[in-house]
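Participant: Residue numbering for the sequence shown follows our numbering, beginning at 4 and increasing consecutively. My questions will all concern the structure given below.
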Amino acid sequence: MGDVDVVVIGAGLAGLSAARRLVGAGRSTVVLEARDRVAGRTKGGFLSNGVPVELGGQWIGSTQDVVRELIDELGLETFPSFDRGEALTVYDGNVVRYADDTYGLPPESAAEVTRLWEQLEDLASTVAVEEPWETDGAEELDRQTLDSWLVSNSEDSLARRFFRLLVPALFSAEAPELSLLHFLFYIRSGTSLESLMSTTGGAQESRVVGGTHQIAERMAAELGDDVVRLSCVVRTIRQDETGVLVEYEGGSIRAEHVIVAVPQTLAGRLRYVPPLPALRDGLTQQMPAGAVIKFHIGYDTPFWREDGLSGSVWSFDDAFNVVLDNSPNDGSCGVLVGFLEGSHARNASALSAADRRRPWSIPW
Ligand SMILES: Cc1cc2nc3c(=O)[nH]c(=O)nc-3n(C[C@H](O)[C@H](O)[C@H](O)COP(=O)(O)OP(=O)(O)OC[C@H]3O[C@@H](n4cnc5c(N)ncnc54)[C@H](O)[C@@H]3O)c2cc1C
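Structure below.
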């Protein structure tokens with residue numbers, strides 16, 4: 004017999020929603036969280052003017068039905084992301100304003116982007132989403148990286164650079180680091196490339212009033228302190244015929260089952276006794292995390308809106324590639340959010356916080 008039915012490791016969205024369902028089904032449950040706060044990769048913060056911003060995950064996409072349902076159940080509200088006006092693309096020193104689907108590129112490169120885009124959507128439509136390894140030609144697709152596919156399929160350097168910018172924006176990893184099959188699988192899982200890249204009707208459609216971290220905080224408040232235990236860094240999971248013993252810094256707890264709801268790279272740092280099967284362990288080792296640094300810039304007003312601009316910027320020239328309007332719903336100030344991703348994030352993480360505030364100092 005265990006102390007409880009189930010121990011959940013990690014109080015992010017995954018761990019807390021698992022615990023919520025278990026408790027709802029009458030199972031005694033404890034969630035062990037390493038940090039002194041819940042919410043994991045969703046985290047609230049404030050600008051110096053006191054306006055709340057999200058330091059981690061923030062957008063709720065049009066197809067993310069499960070989290071939408073959860074948001075409703077927890078009494079939170081969403082609002083549409085700002086999505087009006089023209090966007091800017093910056094390449095080779097040009098700043099181009101556009102409102103069509105050319106991404107501000109010269110006609111030849113824009114046509115080439117469209118051709119490659121359609122080719123990728125067509126390929127993605129063939130992926131067996133539940134079992135991607137069963138896709139026709141899976142091995143051939145998995146042998147290539149997205150970058151090698153680009154090099155084989157296009158000679159247009161701007162079009163290639165466009166996709167080399169799009170990949171980190173979606174994956175926080177670089178095009179040469181990504182299997183083509185995985186890229187296609189991700190597109191198919193998110194409906195389409197179009198949907199993943201869009202605001203209205205796509206992945207960036209909505210935001211949570213007050214911030215997404217409240218989803219985890221409200222679940223944790225419902226579960227209570229007895230269930231959600233903070234500052235418990237789990238180190239070891241021992242399994243025997245009677246169940247599991249989960250050892251954390253400062254104690255241990257016995258349960259019939261354990262749910263490991265931490266990112267793969269961190270799950271691989273836990274000690275499993277007996278060890279995980281070699282193939283499962285190998286899988287964990289071969290799923291590296293991406294790299295991303297998110298930044299917000301606050302202004303008195305979203306002044307770009309008055310100029311007919313959406314606040315959306317794609318830059319081929321700068322370390323911060325993607326910028327979007329992230330002003331609060333009440334319009335009390337203007338906020339732009341941007342991302343350093345993939346190699347830019349890795350390079351920037353070696354700099355001091357002060358140097359990171361001077362983006363031109365980030366090695367390209
Ligand atoms: C900058 C950024 C922007 C993002 N933007 C979006 C977005 O706009 N839309 C979207 O849908 N998604 C977005 N995401 C992704 C989204 O935030 C994550 O998919 C989601 O929050 C992951 O939740 P999780 O519960 O699986 O993991 P996590 O949130 O990582 O939770 C895991 C928890 O486990 C804890 N933990 C780790 N190791 C241990 C241990 N040994 N013992 C005990 N506890 C441990 C951690 O402290 C953490 O609290 C973004 C992510 C980032 C980083």
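We put the CB at the ideal spot given by N, CA and C, even for glycine.
Quick one: does the C-beta of Gln-217 sit closer than 7 Å to a heavy atom of ligand 2?
Facilitator: Absence of ligand 2 is noted for the structure shown, with ligand 1 being the only ligands found.
Participant: Is Tyr-189 helix, strand or coil by DSSP?
Facilitator: If DSSP states are grouped into helix, strand and coil, Tyr-189 belongs with the helices.
Participant: Three-state secondary structure (DSSP) at Val-98?
Facilitator: Strand at Val-98.
Participant: Can you find at least 3 beta carbon pairs, one from the stretch 83 to 101 and one from the stretch 236 to 249, that sit closer than 8 Å?
Facilitator: No: fewer than three Cβ pairs fall under 8 Å.
Participant: Between Gly-2 and ligand 1, is there a pair consisting of the residue's CB and a ligand heavy atom that are separated by less than 7 Å?
Facilitator: This structure leaves residue 2 out entirely; the chain is present only between 4 and 367.
Participant: For His-299, which of Asp-95, Leu-183, Glu-309, Pro-55 has the nearest alpha-carbon?
Facilitator: Of the candidates Asp-95, Leu-183, Glu-309, Pro-55, the one whose C-alpha sits nearest the C-alpha of His-299 is Pro-55.
Participant: How would you call Met-290, buried or exposed, if buried means at least 16 neighbouring beta carbons within 10 angstroms?
Facilitator: Classification for Met-290: exposed.
Participant: Can you tell me whether Gly-254 is buried or exposed? The criterion is at least 16 other CB atoms within 10 Å of its CB, across all chains shown.
Facilitator: Label assigned to Gly-254: exposed.
Participant: Can you find a heavy atom of ligand 1 that lies under 7 Å from the Cβ of Thr-32?
Facilitator: Not so, every heavy atom of ligand 1 lies at least 7 Å from the Cβ.
Participant: Could you check where the alpha helix (DSSP H) with Ile-74 kicks off and where it finishes?
Facilitator: From DSSP, the alpha helix (DSSP H) with Ile-74 extends over 68 to 76.
Participant: Taking all protein chains shown into account, do 16 or more other C-beta atoms lie within 10 angstroms of the C-beta of Phe-188, making it buried, or fewer, making it exposed?
Facilitator: Label assigned to Phe-188: buried.
Participant: Using the C-alpha atoms, what's the distance from Leu-248 back to Cys-235?
Facilitator: In a straight line, the C-alpha of Cys-235 is about 14 Å away from that of Leu-248.
Participant: Please state if the CB of Ser-157 and the CB of Glu-121 are separated by a distance shorter than 8 Å.
Facilitator: Contact flag unset, no.
Participant: Using DSSP with H/G/I as helix, E/B as strand and the rest coil, what is Thr-92?
Facilitator: In the structure shown, Thr-92 sits in a strand (DSSP, three-state: E or B).
Participant: With Arg-359 as the anchor, note down where its alpha helix (DSSP H) starts and where it stops.
Facilitator: Its alpha helix (DSSP H) spans residues 356 to 359.
Participant: Which same chain residues, not among the five before or five after Asp-150, have their C-beta less than 6 Å away from its C-beta?
Facilitator: So the qualifying residues of the chain are Ala-178, Pro-179.
Participant: Applying the 10 Å Cβ sphere with the 16-neighbour rule, what's the burial state of Arg-210?
Facilitator: With 16 or more other Cβ atoms within 10 Å, it is buried.
Participant: If we ignore side chains and look at the alpha-carbon of each, how far apart do Glu-252 and Val-34 end up?
Facilitator: So the two alpha carbons sit approximately 14 Å from each other.
Participant: Could you say which of Val-325, Ser-330, Ser-315 lies nearest to Asp-303 if we only look at CA atoms?
Facilitator: Residue Ser-330 is the option with its Cα nearest to Asp-303.
Participant: Excluding the five sequence neighbours on either side, which residues of its own chain have a C-beta within less than 8 Å of the C-beta of Val-26, listed in chain order?
Facilitator: Correct list, in chain order: Thr-32, Leu-226, Val-230.
Participant: Smallest Cα separation from Val-340: which of Ala-37, Asp-68, Ser-84, Ala-17?
Facilitator: Considering only alpha carbons, the answer is Ser-84.
Participant: What's the call for Glu-217, buried or exposed, on a 16-neighbour Cβ count within 10 Å?
Facilitator: Position check: residue 217 holds Gln in this sequence, whereas Glu was assumed. By the 10 Å Cβ count, Gln-217 comes out buried.
Participant: If you measure from the CB of Ile-12, is any heavy atom of ligand 1 nearer than 7 Å?
Facilitator: Yes, ligand 1 has a heavy atom inside 7 Å of this Cβ.
Participant: Using the Cα positions of Ala-258 and Pro-135, report the straight-line distance between them to the nearest angstrom.
Facilitator: If I take the Cα positions, the gap works out to 34 Å.
Participant: Using a threshold of 8 Å, state whether the C-beta atoms of Gly-64 and Arg-44 are closer than that.
Facilitator: Cβ atoms of Gly-64 and Arg-44: not closer than 8 Å.
Participant: Which two residues bound the contiguous alpha helix (DSSP H) that contains Ile-218?
Facilitator: Counting along the chain, the alpha helix (DSSP H) containing Ile-218 begins and ends at 216 to 226.
Participant: Provide the residue span of the alpha helix (DSSP H) that contains Gln-267, from first to last.
Facilitator: Per DSSP, Gln-267 belongs to the alpha helix (DSSP H) from 267 to 270.
Participant: For the beta strand (DSSP E) that contains Arg-257, what are its first and last residues?
Facilitator: First-last of the beta strand (DSSP E) with Arg-257: 254 to 263.
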